[in-house]
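Start counting the sequence shown at 1; every next residue gets the next number (the UniProt record's numbering).
Note that beta-carbon positions come from the ideal geometry of N, C-alpha and C, so glycine has one too.
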Amino acid sequence: MNKKEWLNTVTKNMALLFFAFVFSCGNQETIEDYTAYVNPFVGTQNDGHTFPGATTPLGMVQPSPESYDTYYKGYEADHIAGYQYNDPWLIGFTQTHLNGVGCPSLSDILLQPLNADTINSNSRFNYKSTYKKESEEAIPGYYKVYLDDFKVQVELTASEHVAYHRYTYNTVKDAKLLIDLQYGVTWNVKDIPGNVLDAYQQFEDDYTLSGYRKARQWAQRDLYYVIKFSKKITNKNELLPPDNKQEKAPRYILDFDMGDSPVLEVKIGVSTVGVEEAKKNLEAQIPSWDSFDAVRTSTNKKWNDILGKIDIEGEVDKKIAFYTSLYHLYIQPNNIADVDGQFRSSGSGVQKATSGKYYSTLSLWDTYRAAKPMYTILSPELVSDINTSMMDSYRYMKVDTLNPKEANRYLPRWQLWGQETHTMIGNHAVPVIVDAYLKGIKPKGYTDDEVFDAVWTSLTKEHYRNHVKLIDSFGYIPYDVKLSKIDDGRETVSRLLENIYDDYAGALLAETLGKTKEAKFLRNRASFYKNVYDKESGFMRGKNAKGEFKKDVDATEVVGEWLKGSDFTEGNAYHYQFHVLHDIPGLVDIMGGKTEFGNKLDAMFYSKETPEVRTLVWELRGTYGQYWHGNEPCHHVPYLYKYSDRPHKADKIIKTLIDDYYYSKPDGLMGNDDCGQMSAWYMFGVLGFYPVNPTGGEYILGAPQVEEATINLPNGKTFKVKAENLSDDNYIVKSVNLNGTVLNRKYITHDEILKGGELIFEMGSMK
């Protein structure tokens with residue numbers, strides 16, 4: 001299906017615009033249904049790694065289909081979210097999913113409605129069904145599909161902690177249901193038998209199955225569940241493990257007393273704490289049967305409340321891309337605390353969340369750049385709760401002095417369901433907390449000293465990939481020295497550049513709190529990017545203990561932790577050449593001034609070569625010369641032209657990325673969405689400003705991509721952005737006016753946005 005056909009389909013289904021009519025005080029009021037502009041299938045093909053199923057904003061569960069195809073090389077990397085749009089079969093519907101990440105996990109508790117018991121159970125993938133794409137429907141909070149082979153319609157919706165399924169069978173007497181408690185996505189489909197480390201389950205009565213499973217993929221997680229059926233179970237058939245391999249959790253095929261009704265409803269409540277807590281979550285959120293449509297309507301309203309934070313005026317395809325991005329932004333982080341505020345922390349057992357919520361699924365290496373700053377504009381209360389959760393994580397972290405990785409407490413890096421995955425680099429919870437703090441958004445229940453202690457300890461004490469001994473001794477991370485068991489000589493340049501940005505953020509907090517000594521120390525470390533800049537090559541380069549730069553480095557090769565002696569993290573020399581988010585003027589200076597800085601940007605964007613991974617099977621999408629939009633270290637770089645002698649080039653590149661790198665098709669994301677970071681970039685790009693430095697409250701002015709956008713601020717004010725004379729020819733910013741005053745600077749501030757008002761861009765052509 002091409003772009004025009006897809007848009008025609010979406011337009012037909014939406015009739016361009018849906019309206020809900022609400023009557024109040026005898027007057028008719030129209031409310032726009034923003035969910036009509038959301039296409040959950042965007043990013044479900046190739047490496048967007050999104051899922052099309054149902055979820056609430058920031059909910060713990062995401063019931064969604066698991067698709068299947070004939071196995072091929074790279075299969076697991078494509079199926080990290082359990083689903084690829086072009087797959088011919090569906091093997092069932094699981095209850096938990098990650099949005100747009102790069103590692104597989106979750107896809108817990110697989111259910112597949114059936115109409116036959118003659119299927120060979122020796123392979124779990126034999127329980128698959130074909131389906132027609134025209135039967136598949138997805139909108140925020142709802143998913144539907146018809147399974148052709150089993151003659152059953154599947155519908156999914158959800159509350160925050162409960163997945164709700166509704167199956168309508170063509171033939172009542174043949175209604176069956178497969179439950180696979182072992183299944184979960186993995187890096188190797190052959191490893192599914194080993195994915196569950198421990199499990200128990202019991203049929204409490206003829207309507208209830210409850211249990212526990214500990215899965216190991218990416219991070220070990222405790223999942224307690226209760227599954228309720230609307231019809232009485234009449235027969236339970238436990239299947240032998242596939243391929244005669246031992247598995248911890250069973251598979252069942254259930255028969256039901258359907259009576260005269262073709263409809264079977266299933267509710268799955270989950271918890272990290274216990275089975276009884278899973279039951280309490282279920283009873284609190286979906287206590288009654290025959291409430292599927294009511295839950296779906298309620299969840300849809302929750303999404304409309306989120307999506308209505310911004311009103312966009314522009315072309316339909318831009319609106320679809322924008323509201324889909326806003327939708328993806330609010331799928332995570334996920335609140336894993338039960339309705340009573342309890343959650344299971346990493347290593348220290350069951351705890352009570354300070355704010356009553358515990359947000360996990362923290363892809364901080366990605367989201368600190370744009371997603372978290374966007375939340376500070378749209379949802380400051382959410383930001384406070386997220387940062388409170390990170391402080392709770394720090395408070396309850398179990399220290400292991402015998403394990404160098406865990407010898408000191410630290411704020412989360414990449415946390416999944418309360419468990420640290422040790423994925424990626426940096427201490428990027430620090431800029432998230434500091435940026436919010438400087439904007440007046442503080443964690444709940446914590447003093448300033450407690451917040452600073454978490455920041456200072458995370459930055460200055462040794463933990464995994466936090467090479468403080470090397471940095472303090474050398475001013476950089478030599479690739480050929482070990483001062484600690486955590487030193488491995490990998491990603492040394494990236495780890496330095498990312499860590500010293502966090503030092504900069506910590507210095508801002510120290511200065512605000514009057515901690516002069518600590519601020520001076522961190523400010524000094526924040527300047528260490530100069531120690532790895534090689535003037536001869538013009539790139540950031542790895543160094544040995546003698547202070548010698550590496551020679552003959554291929555600047556186009558993308559490297560990472562998988563390579564011994566690597567300089568960079570999922571990037572190449574071009575990408576990290578510009579990774580000094582906190583001191584762009586200083587970077588311009590060491591590169592030789594605005595003209596030479598512009599030349600280096602041109603060399604990146606207009607290179608005839610593209611970045612290439614030579615040591616892994618990894619096809620990079622979203623490249624623009626050497627720029628790689630499909631991964632986060634590059635996201636700020638187009639805006640750096642505003643610091644050069646050719647600022648208009650940023651406008652052209654932003655337009656190209658918005659128009660060509662995001663679109664309303666399943667393959668419409670040119671890289672992992674990474675918990676909303678790709679989506680947040682798009683939103684900022686459309687609005688016309690971007691947090692190049694994600695800490696401190698300044699947004700670099702870009703080039704807006706719609707005629708008008710209104711941010712409905714939480715304080716009741718509105719901030720309107722207009723792009724006058726915008727067209728395909730008029731995409732260059734000629735002047736910017738804020739509330740009637742011409743802006744002779746390249747940025748606006750967070751405070752200026754919150755005050756409300758109007759930001760007007762006068763657009764023109766290159767002529």
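Range covered by the alpha helix (DSSP H) that runs through Glu204: No alpha helix (DSSP H) contains Glu204, which is instead part of the beta strand (DSSP E) from 196-205.
Between the alpha carbons of Gly274 and Lys564, how many angstroms are there, rounded? Rounded to whole angstroms, Gly274 and Lys564 show a C-alpha spacing of 42 Å.
Since residue 786 is in the alpha helix (DSSP H), which residue starts that stretch and which ends it? Absent from the model: residue 786. The displayed extent of the chain is 1 to 767, so no value can be given.
Inter-residue CB distance, Pro691 and Tyr699 (contact presumed, cutoff 8 Å): With a Cβ gap of about 5 Å, Pro691 and Tyr699 count as contacting.
For a test of the three-state rule: what should DSSP assign to Trp303, helix, strand or coil? In the structure shown, Trp303 sits in a helix (DSSP, three-state: H, G or I).
Which whole-angstrom value describes the C-beta separation of Tyr224 and Glu265, a residue pair presumed to lie in contact below a C-beta threshold of 8 Å? The pair is not a contact, with the Cβ atoms about 21 Å apart (cut-off 8 Å).
Spatially closest choice to Lys550 from Asp435, Trp562, Ser566, Phe597, by CA coordinates: Of the candidates Asp435, Trp562, Ser566, Phe597, the one whose C-alpha sits nearest the C-alpha of Lys550 is Ser566.
Does Gly349 come out as helix, strand or coil in the three-state DSSP assignment? Note: Gly349 maps to strand in three-state DSSP.
Quick one: residues in its chain with C-beta nearer than 6 Å to the C-beta of Pro193, no 5 flanking neighbours on either side, listed in chain order? Excluding sequence neighbours, Pro193 sits near Lys245, Glu247.
Taking just the CA atoms, how far does Gly211 sit from Asn281? Distance from the CA of Asn281 to the CA of Gly211, rounded to the nearest whole angstrom, comes to 15 Å.
Three-state secondary structure (DSSP) of Gln577: Note: Gln577 maps to helix in three-state DSSP.
Could you give the DSSP three-state label for Val266: helix, strand or coil? Assignment of Val266 by DSSP, reduced to helix, strand and coil, places it in the strand class.
Residue nearest to Phe229 in terms of C-alpha spacing, selected from Thr186, Arg166, Asp260: Residue Arg166 is the option with its Cα nearest to Phe229.
How is the alpha helix (DSSP H) around Gly757 delimited, first residue to last? Looking at the DSSP string, Gly757 is not in any alpha helix (DSSP H); the run it does join, the beta strand (DSSP E), is 757-764.
Given a threshold of 16 other Cβ atoms within 10 Å of its Cβ, counted over all protein chains shown, does Pro88 qualify as buried or as exposed? With fewer than 16 other Cβ atoms within 10 Å, it is exposed.
Expressed to the nearest angstrom, what Euclidean distance is found between the alpha-carbon atoms of Gly48 and Ser64? Cα to Cα, the separation comes out at about 16 Å.
Just checking my contact of Val580 with Gly571 at CB under 8 Å: how many whole Å lie between their CB atoms? Not really, about 14 Å apart at Cβ, beyond 8 Å.
For the stretch 652-685, which segments carrying the alpha helix (DSSP H) assignment without a break, of at least 4 residues, lie completely within its bounds, in sequence order? Fully enclosed alpha helix (DSSP H) runs of 4 or longer: not present.
Chain-order list of residues whose beta-carbon lies under 7 Å from that of Val10 (same chain, five-residue window excluded): Low confidence applies to Val10: its pLDDT is 48, below 50, so where it sits in the model is not reliable, and the reading given next is rough at best. Excluding positions up to five away in sequence, the list reads Asn39, Ile320, Ser664.
Out of Gly757, Thr710, Gly102, Ala407, which has the shortest C-alpha to C-alpha gap to Thr361? Looking at Gly757, Thr710, Gly102, Ala407, the one whose alpha-carbon comes closest to that of Thr361 is Gly102.
Terminal residues of the continuous beta strand (DSSP E) containing Val154? DSSP places Val154 in the uninterrupted beta strand (DSSP E) bounded by 152-158.
Lys144, DSSP secondary structure in three states: DSSP places Lys144 in strand when its eight states are reduced to three.
For Gly100, count the other beta carbons within 10 Å of its own beta carbon; 16 or more makes it buried, fewer makes it exposed. Which is it? Classification for Gly100: buried.
Determine, using beta-carbon pairs with one atom in the stretch 647-655 and one in the stretch 296-310, whether at least three such pairs fall under 8 Å. Taking a cut-off of 8 Å on C-beta distances, the stretch 647-655 does not touch the stretch 296-310, as fewer than three cross pairs fall below it.
Determine whether the beta carbon atoms of Phe343 and Gly426 lie at a separation below 7 Å. In this structure, Gly426 does not lie closer than 7 Å to Phe343 by Cβ.
Taking its Cβ as the centre, do 16 or more other Cβ atoms sit within 10 Å of Asn122, making it buried, or is it exposed? That one is exposed.
Do the stretch 79-93 and the stretch 107-115 meet, that is, are 3 or more Cβ pairs less than 8 Å apart? Contact holds: three or more Cβ-Cβ distances are below 8 Å.
Can you list the alpha helix (DSSP H) stretches of 4 or more residues lying completely in the stretch 451-494, in chain order? The qualifying runs are 468-474.
If we ignore side chains and look at the alpha-carbon of each, how far apart do Gly756 and Phe719 end up? Their Cα atoms are separated by approximately 4 Å.
So for Ser537, helix, strand or coil by DSSP? Three-state result, Ser537: coil.
For Ala680, collect the residues of the same chain with a Cβ closer than 6 Å to its Cβ; drop the 5 residues on either side in sequence, then sort them by chain order. Result list for Ala680: Leu329, Ala370, Ala371, Met374, in chain order.
Limits of the unbroken beta strand (DSSP E) element including Glu238: Going by DSSP, Glu238 is part of the beta strand (DSSP E) stretching over 232-239.
Please report the distance separating the alpha-carbon of Asn387 from that of Gln95. Approximately 26 Å, taken between the alpha carbons.
Can you tell me which of Asn544, Val559, Ala603 puts its alpha carbon nearest to the alpha carbon of Gly538? Closest by alpha carbon: Ala603.
Less than 7 Å separating the beta-carbons of Tyr396 and Ser348? Result yes, Cβ atoms of Tyr396 and Ser348 sit closer than 7 Å.
Below-7 Å beta-carbon distance, Gln153 vs any chain B residue: The question asks about chain B, but that chain is absent: this structure has only one protein chain.
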